[in-house]
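Q: I have a structure I would like to understand better, so I am pasting it below and will then ask my questions one at a time.
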Amino acid sequence: MKLPFDATPILRLYARWRMKRLAGQRAGATQERQLLSLVKRARATRFGRDHGFDDIRSVADFQARVPLRNYAAFWDEYWKPTFPDVTDASWPGRIPYFALTSGTSTGRTKYIPVTREMVRSNTRAGLDLLVHHVSNRPSSRILGGKNFLLGGSIDLEELGNGVKGGDLTGISRHEVPSWGEPFVFPDESMAREENWERKIEQTGRASLAEKITTLAGTPSWVLLFLERLTTLTGRPRRLVELYPDLEMLVHGGLNFRPYRHVFEAWLEGSHAELREVYPASEGFIALADRGPEDGLRVLLDTGIFYEFVPVEELDSPTPTRHWISNVEPGRDYAIVLSSCAGVWGYVLGDTVRFVSLDPPRLLVTGRTSYYLSAFGEHLSGEEIEGAVIDAVDALRGEVSEFAVGPLFPDAVDARGRHLFVIELREPKDLQGGPDALANEIDRRLSESNADYETHRHEDFGMAPPHVMVVGPDCFADWMRSRGRLGGQNKVPRVIHDQELLAGLRAHADRYEVATA
């Protein structure tokens, strides 16, 4: 569909107004207003009645009445009983959509409610992303081209009674107004394609004839898309050769550190910039408004109220519940949401750390499920990722993907250990074999974590880690075999589910490579 006009001048006018509003925001006051507005909207729901929403006048009132819950508790108590017709349960009216998402450590499907208010919240977050872009780049013509969203199929499943479920990108696409269609790529016919390989070929070739100004997606799938597109077309491995008008490459959902070097090579000669976002199926939380080292600015006024629980207290019966007015920089928190999707005191499963408070900016440091402590070693996702990436770097390799899980004692060895499956971009570049890499990872984990070091002391409490080095496409083919290739699906970093881990190990056997 041809662009009717360049809408950037209109965006720039909105950006001036929005930036003034953001400059005047006071984080605590803004967030308390958000919470009380949400509570007022939901006071007549079953959840609101169960938790005395009529009597809530402050954040303290809310925290006293609403306990923390995870997905399973919400599903069992408020959504499952009438699913898919979930009406006036935790948000007023019927939930029109459910985002289908798999737990990254277990693979089990979750049904996350998506209200129309949450669709609007996500749209406002997307606008803020554009606002910061044009504010930082006065010469931008970003709405003079198309936004290429590399997501899943927009085909939604009929769950019953008019309620639909599917990929969040598909839900968002269904809600794009008619005036916005010309600015979005791919068109509906291509966006419906479910097969990832066919989607790459169809959308990839078609995109080369379009003026693409924004490319957005999960880093691993964007990289896979670009690699396949250059193979299909024979064009050089540079974004400027594919999309000369590209201004912004938007990424989120994964630690970007393993991908940064590769993307910087792709961006050589391009005037596009990298822009990180922090979206979740439960809500769009934060985005980069400045440089990559400055953290992500928390979205304070889009229909979400945030709480932050110290990670070490998450399993406590009475955890401390901070909010934006009293968080501390440099401390790891589990993030908790209450939102216009009808989640309240909802433990999202991510861990964050604030780098500044005015305005609030944070780093995503991992997942609560990415804490690996099968034997009392208490490793965080951040420690695991850092050890793997630094160890591979030290041996002159480059990580593409990896996953780790516990191998429990058996008849052969009474000690447990960790299994690392590590995919390298060029396995031949690694200086040393799997044993050398295992030693590097082991040493770095021991240096960063005293509990791990204690368990590994003299090989008594835990055996050394076992490392499988695999070649390119191992994880992509594994995800394909599970029906999880592309879109918003992410390779799990830490796998607790023993059946899932065994499946990965059996799959990796076919890709294991000999290294120097």
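Residue 195 in our numbering sits at position 195 of the sequence shown, and the numbers go up by one each step. The C-beta atom is built at its ideal place from N, Cα and C for all residues, glycine as well.
1. Give every residue of the same chain whose Cβ lies closer than 7 Å to the Cβ of Ser446, excluding the five residues on either side of it in the sequence, and list them in chain order.
2. In terms of residue numbering, what span does the beta strand (DSSP E) encompassing Gly503 cover?
3. For the beta strand (DSSP E) containing Asp350, name the first residue and the last one.
4. Secondary structure at Pro113, three-state DSSP: helix, strand or coil?
5. If Gly269 sits next to Val250, beta carbons under 8 Å apart, how far is it from one beta carbon to the other, in whole angstroms?
6. Over what stretch of residues does the alpha helix (DSSP H) that includes Val262 continue unbroken?
7. Between which residues of its own chain and Phe284 is the CB-CB distance below 6 Å, once the five residues before and five after are set aside?
8. Judging by CA-CA distance, which residue of Glu197, Pro177, Trp196, Glu210 is the nearest neighbour of Phe185?
9. Which residue's Cα is closest to the Cα of Pro319: Leu168, Arg69, Pro236?
10. Relative to the C-alpha of Ala73, which candidate in Gln63, Tyr111, Arg94, Leu395 has its C-alpha closest?
11. Quick check: the segment 5-15 against the segment 259-274, are there 3 or more CB pairs under 8 Å?
12. How should Ala99 be labelled, buried or exposed, when 16 other C-beta atoms within 10 angstroms of its C-beta is the threshold for buried?
13. To the nearest angstrom, how far is it from the Cα of Thr115 to the Cα of Leu437?
14. Can you tell me whether Val412 is buried or exposed, with buried defined as 16 or more other CB within 10 angstroms of its CB?
15. So, under 8 Å CB-CB, Tyr243 and Leu215 are touching, yes? Tell me the CB distance rounded to an integer number of Å.
16. If we ignore side chains and look at the alpha-carbon of each, how far apart do Val347 and Leu337 end up?
17. Does the Cβ of Leu13 have 16 or more other Cβ atoms within 10 Å, making it buried, or fewer, making it exposed?
18. How would you write the range of the beta strand (DSSP E) that Phe308 sits in, first residue to last?
19. When the Cβ atoms of the segment 31-38 are set against those of the segment 50-70, are three or more pairs found closer than 8 Å?
20. State the CB to CB distance for the pair Thr169 and Leu143, rounded to an integer number of angstroms; the pair is presumed to be in contact (CB under 8 Å).
21. Which residue or residues does DSSP assign as beta-bridge partners of Gly160?
22. Please determine if the segment 364-375 and the segment 128-148 are in contact, where contact requires at least 3 C-beta pairs separated by less than 8 Å.
23. Please classify Leu232 as buried or exposed, where buried requires at least 16 neighbouring CB atoms within 10 angstroms.
24. Once you ignore the five residues that flank Arg505 on each side, which residues in its own chain have a CB closer than 8 Å to its CB?
25. Relative to the alpha-carbon of Arg510, which residue among Asp473, Leu485, Arg493 has its alpha-carbon at the smallest distance?
26. Can you tell me whether Leu11 is helix, strand or coil according to DSSP?
27. What ranges does the beta strand (DSSP E) occupy inside the segment 163-240, keeping only unbroken runs of at least 3 residues that lie completely in it?
28. Give me the Cα-Cα distance between Ser356 and Tyr333, rounded to the nearest whole angstrom.
29. From Asp429 to Glu398, what distance separates their C-alpha atoms?
30. Mind checking which residues open and close the alpha helix (DSSP H) that includes Ser448?
31. Using only CA atoms, which one of Leu130, Pro329, Val343 lies nearest to Gly48?
32. Tell me the rounded alpha-carbon separation between Ser105 and Leu485.
33. Please list the terminal residues of the continuous alpha helix (DSSP H) segment that includes Met462.
34. Under a Cβ-count criterion, where at least 16 other Cβ atoms within 10 Å of its own Cβ denotes burial, should Glu197 be classed as buried or exposed?
35. Nearest to Glu512 by CA position, among Gly471, Asp497, Ala89, Asp477, is which residue?
A: With the structure as the only source:
1. For the purposes of this step, residue 446 is identified with residue 446 of the sequence shown, where counting begins at 1. So the qualifying residues of the chain are Tyr452, Glu453, Arg456.
2. Position 503 of the sequence shown, counted from the start, is the residue given in the question as residue 503. Premise fails: Gly503 lies in the alpha helix (DSSP H), 498-508, not in any beta strand (DSSP E).
3. The residue given as residue 350 occupies position 350 in the sequence shown. First-last of the beta strand (DSSP E) with Asp350: 346-357.
4. For the purposes of this step, residue 113 is identified with residue 113 of the sequence shown, where counting begins at 1. Looking at Pro113 - three-state DSSP - the assignment turns out to be strand.
5. Mapped onto the sequence shown, residue 269 falls at position 269. Mapped onto the sequence shown, residue 250 falls at position 250. Actually they do not touch by this definition, with Cβ atoms about 20 Å apart.
6. Translated into positions along the sequence shown, residue 262 becomes position 262. Element bounds for Val262: 257-266.
7. Taking the first residue of the sequence shown as position 1, residue 284 is located at position 284. Excluding sequence neighbours, Phe284 sits near Asn122, Ala125.
8. On the sequence shown, position 185 is the one that residue 185 refers to. Closest by alpha carbon: Glu210.
9. By 1-based counting over the sequence shown, the position of residue 319 is 319. For Pro319, the nearest C-alpha among the options comes from Arg69.
10. Position 73 of the sequence shown, counting from 1, holds the residue named residue 73. Considering only alpha carbons, the answer is Tyr111.
11. no
12. As a position in the sequence shown, residue 99 is number 99, starting the count at 1. Flag for Ala99 reads buried.
13. Locating residue 115 in the sequence shown gives position 115, counting from the first residue. Locating residue 437 in the sequence shown gives position 437, counting from the first residue. One C-alpha to the other measures close to 47 Å.
14. Mapped onto the sequence shown, residue 412 falls at position 412. Exposed is the call here.
15. The residue labelled residue 243 in the question sits at position 243 within the sequence shown. The residue labelled residue 215 in the question sits at position 215 within the sequence shown. Contact flag correct, Cβ pair sits at about 7 Å.
16. Here residue 347 refers to the residue found at position 347 when the sequence shown is read from its first residue. Here residue 337 refers to the residue found at position 337 when the sequence shown is read from its first residue. Taking the straight line joining both Cα atoms gives about 7 Å.
17. Translated into positions along the sequence shown, residue 13 becomes position 13. Exposed is the call here.
18. Translated into the one-based positions of the sequence shown, residue 308 becomes position 308. Run containing Phe308: 304-310, per the beta strand (DSSP E) assignment.
19. yes
20. Indexing the sequence shown from 1 puts residue 169 at position 169. Indexing the sequence shown from 1 puts residue 143 at position 143. Wrong, their Cβ atoms sit about 20 Å apart, outside the cutoff.
21. In the sequence shown, the residue the question calls residue 160 occupies position 160. Paired residues: Val163.
22. no
23. In the sequence shown, residue 232 corresponds to position 232, counting from 1. Counting Cβ neighbours within 10 Å, Leu232 comes out exposed, since fewer than 16 surround it.
24. For the purposes of this step, residue 505 is identified with residue 505 of the sequence shown, where counting begins at 1. Hits under 8 Å: Leu419, Val421, Met468.
25. Your numbering for residue 510 matches position 510 in the sequence shown. The shortest C-alpha separation from Arg510 is found at Asp473.
26. Looking up residue 11 in the sequence shown gives position 11. In the structure shown, Leu11 sits in a helix (DSSP, three-state: H, G or I).
27. 163-166, 212-217
28. Locating residue 356 in the sequence shown gives position 356, where the first residue counts as 1. Locating residue 333 in the sequence shown gives position 333, where the first residue counts as 1. Looking at the two C-alpha atoms, the distance is approximately 14 Å.
29. Counting from 1 along the sequence shown, the entry for residue 429 is found at position 429. Counting from 1 along the sequence shown, the entry for residue 398 is found at position 398. Answer to the nearest angstrom: the Cα atoms are 8 Å apart.
30. In the sequence shown, residue 448 corresponds to position 448, counting from 1. 434-448 is the span of the alpha helix (DSSP H), which, as asked, contains Ser448.
31. Looking up residue 48 in the sequence shown gives position 48. Answer by Cα proximity: Val343.
32. Here residue 105 refers to the residue found at position 105 of the sequence shown. Here residue 485 refers to the residue found at position 485 of the sequence shown. Residue confidence for Ser105 is low, a pLDDT of 43 falling below 50, so the modelled location carries little weight and cannot support an answer.
33. The count along the sequence shown starts at 1 and reaches residue 462 at position 462. Careful: Met462 lies outside any alpha helix (DSSP H) and carries neither H nor E.
34. Start at 1 with the first residue of the sequence shown, and residue 197 comes out as number 197. With fewer than 16 Cβ atoms within 10 Å of its Cβ, Glu197 is classed as exposed.
35. Position 512 of the sequence shown, counted from the start, is the residue given in the question as residue 512. Ranking Gly471, Asp497, Ala89, Asp477 by Cα distance to Glu512 puts Gly471 first.
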